[in-house]
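Trainee:
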Amino acid sequence: MPVKLYEIAKAAGVSISTVSRVLNHDTLKPASKTTEEKVMQIATDLGYFAGHTVTPATQKSTGERRNLACLLASASDTFNDAFFSKIMVGIQEEALCLNYLVSHTLSGVDTNIESICTQIRAANSDGVILMGRVRKDVMDAVKSITPNIVYAGLNRPDAGIDEVICDAYSAISESVDYLLSLGHRKIGFIGSIPSESSDVLNEHRFAAFSDTMQKHGLPVYAEYCKNITLSTEQAYHATAELVETGTLPEAFCCANDNVAIGVISALTERGIRVPNDISVIGIDNIEPARFMYPRLTSFEMQNEELGRFAVKILNDRILGKHDIPISLRLPCTLIVRDSCRVRTMDSNA
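As numbered in the working numbering, residues 43 to 391 make up the sequence shown, in order.
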């Protein structure tokens with residue numbers, strides 16, 4: 043199997059982005075000479091170059107390299123999040139294979155859209171990979187810079203740009219179907235609930251939850267739903283509030299795994315058993331989901347493949363091989379573990 047960037051990074055004791063900069067011979071943010079030599083030696087020893095068509099020698103002789111910028115648009119998300127960091131692994135590896143330099147990784151957490159656009163222009167970026175929840179003004183600003191844009195993530199922005207999607211709408215809908223198949227009827231939702239005035243283009247998870255409940259002729263209980271920023275901490279406090287008021291459903295459908303972890307923690311600390319008393323399901327299938335107690339039922343959302351295909355489609359557009367918006371949908375897969383169970387009459391006993 044091909045050697046992965048994270049394997050080189052682990053062996054060298056540096057970040058994946060540092061490995062990428064070294065292997066791309068990044069002159070904008072160069073690593074130290076010592077780090078560069080260490081990374082190149084480890085990459086060679088692990089057989090990295092044997093599995094790639096781009097070698098150190100050919101990299102230096104191919105002339106000026108095209109630049110890509112990655113923008114995490116939401117101010118509430120960071121690249122430290124397990125979901126986005128895995129997308130970045132796919133982006134970095136495919137970019138290297140196609141001889142691109144990921145010159146900028148920008149986040150709405152750090153700066154405003156005007157500053158972000160200034161940095162993208164200054165870097166002469168050939169294309170932009172968008173991630174996270176995107177406001178209309180952010181989308182318009184990026185589209186004013188370049189036509190070479192691809193979105194990689196879970197919620198379609200449907201903004202006339204290329205998209206690589208592992209559809210969160212489908213995952214949430216299937217989550218509700220699964221909970222219903224276990225006998226649950228009073229189901230709560232913890233996640234982002236956009237208002238009617240929201241200018242975010244791509245947050246469809248609560249809509250999926252509501253639509254699926256209504257499809258089955260079931261009400262959406264407002265008292266079981268909490269609108270939060272998608273973080274473990276906010277999910278914890280939101281669930282604690284529900285426990286304190288005595289307002290609890292039979293199951294929680296969570297917008298992602300970080301939210302589900304916060305929900306389970308709050309319930310467990312207050313003596314409410316998962317799944318004996320309440321079932322909990324998430325999406326993302328991040329690594330902690332496999333090892334926590336109870337192990338979390340979740341959805342595999344193809345994070346690294348989202349990154350790889352985003353670079354491939356963006357490269358295709360940059361080279362002029364297509365000019366209509368492309369939408370590629372990757373499959374999501376239910377991973378059944380221990381946090382959900384069939385509801386019985388004594389489930390809350």
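We treat Cβ as the ideally placed atom computed from N, Cα and C, and that holds for glycine.
For clarity, every value in this text was computed on a predicted model and none was experimentally measured.
Rounded to a whole number of angstroms, what is the C-alpha to C-alpha distance between Gly150 and Arg315?
Mentor: As a first step, residue 150 is located in the sequence shown; it is residue number 108 there, counting from the start. As a first step, residue 315 is located in the sequence shown; it is residue number 273 there, counting from the start. In a straight line, the C-alpha of Gly150 is about 38 angstroms away from that of Arg315.
Trainee: Shortest alpha-carbon distance to Ala53 belongs to which of Thr77, Pro72, Arg63?
Mentor: As a working mapping, residue 53 is identified with position 11 in the sequence shown. Here the closest residue by C-alpha is Thr77.
Trainee: Round the Cβ separation of Asp209 and Leu196 to the nearest angstrom and send it over; I've been treating them as touching at under 8 angstroms.
Mentor: As a position in the sequence shown, residue 209 is number 167, starting the count at 1. As a position in the sequence shown, residue 196 is number 154, starting the count at 1. Right, the Cβ-Cβ distance comes to about 7 angstroms (below 8 angstroms), so this counts as a contact.
Trainee: From what residue to what residue does the beta strand (DSSP E) around Ser149 run?
Mentor: Position 107 of the sequence shown, counting from 1, holds the residue named residue 149. First-last of the beta strand (DSSP E) with Ser149: 142-149.
Trainee: Using the Cβ count rule (16 or more neighbours within 10 Å means buried), how would you classify Glu347?
Mentor: On the sequence shown, position 305 is the one that residue 347 refers to. Glu347 is buried by the Cβ-count criterion.
Trainee: Whole angstroms is fine: what's the gap from Phe248's alpha carbon to Glu286's?
Mentor: Your numbering for residue 248 matches position 206 in the sequence shown. Your numbering for residue 286 matches position 244 in the sequence shown. Roughly 24 angstroms separates the two Cα atoms.
Trainee: Drop a sphere of 10 angstroms on the beta-carbon of Tyr193, count the other beta-carbons inside from all chains shown, and report buried for 16 or more, exposed for fewer.
Mentor: Taking the sequence shown and counting its residues from 1, the one referred to as residue 193 is at position 151. Buried, since its Cβ has 16 or more Cβ neighbours within 10 Å.
Trainee: Counting C-beta neighbours from all protein chains within 10 Å, is the total for Lys178 16 or more, i.e. buried, or is it exposed?
Mentor: Position 136 of the sequence shown, counting from 1, holds the residue named residue 178. The residue in question, Lys178, is exposed, as its Cβ has fewer than 16 Cβ neighbours within 10 Å.
Trainee: State the Cα-Cα distance for the pair Thr386 and Gly225, rounded to the nearest angstrom.
Mentor: As a first step, residue 386 must be located in the sequence shown, where it is residue number 344. As a first step, residue 225 must be located in the sequence shown, where it is residue number 183. So the two alpha carbons sit approximately 8 angstroms from each other.
Trainee: Nearest to Ile229 by CA position, among Arg337, Ser157, Ser237, Pro261, is which residue?
Mentor: As a position in the sequence shown, residue 229 is number 187, starting the count at 1. When each option's Cα is compared against that of Ile229, the closest is Pro261.
Trainee: Given a threshold of 16 other Cβ atoms within 10 Å of its Cβ, counted over all protein chains shown, does Asn122 qualify as buried or as exposed?
Mentor: Translated into positions along the sequence shown, residue 122 becomes position 80. Per the 10 Å Cβ criterion, exposed.
Trainee: Report buried or exposed for Tyr335, applying the criterion of at least 16 other Cβ atoms within 10 angstroms of its Cβ.
Mentor: As a position in the sequence shown, residue 335 is number 293, starting the count at 1. Exposed, since its Cβ has fewer than 16 Cβ neighbours within 10 Å.
Trainee: Just mark Asn327 as buried or exposed, buried being the case when its beta carbon has 16 or more other beta carbons within 10 Å.
Mentor: The count along the sequence shown starts at 1 and reaches residue 327 at position 285. The residue in question, Asn327, is buried, as its Cβ has 16 or more Cβ neighbours within 10 Å.
Trainee: Let me know if Thr160 comes out buried or exposed under the rule of 16 or more other beta-carbons within 10 Å of its beta-carbon.
Mentor: Residue numbering aside, residue 160 sits at position 118 when the sequence shown is read from its first letter. Exposed: under 16 other Cβ atoms inside 10 Å.
Trainee: Can you tell me the Cα-Cα spacing of Leu222 and Ala213, whole angstroms?
Mentor: The residue labelled residue 222 in the question sits at position 180 within the sequence shown. The residue labelled residue 213 in the question sits at position 171 within the sequence shown. Distance between the alpha carbons of Leu222 and Ala213 is about 14 angstroms.
Trainee: Suppose you measure from the CA of Cys374 to the CA of Leu138; what does that come to, to the nearest Å?
Mentor: As a first step, residue 374 is located in the sequence shown; it is residue number 332 there, counting from the start. As a first step, residue 138 is located in the sequence shown; it is residue number 96 there, counting from the start. Taking the straight line joining both Cα atoms gives about 26 angstroms.
Trainee: In whole angstroms, give me the CA-to-CA distance for Tyr211 and His146.
Mentor: The count along the sequence shown starts at 1 and reaches residue 211 at position 169. The count along the sequence shown starts at 1 and reaches residue 146 at position 104. Near 30 angstroms, if we compare the C-alpha coordinates of His146 and Tyr211.
Trainee: Just how far apart, CA to CA, sit Val206 and Asp200?
Mentor: As a working mapping, residue 206 is identified with position 164 in the sequence shown. As a working mapping, residue 200 is identified with position 158 in the sequence shown. The straight-line gap from Cα to Cα measures roughly 11 angstroms.
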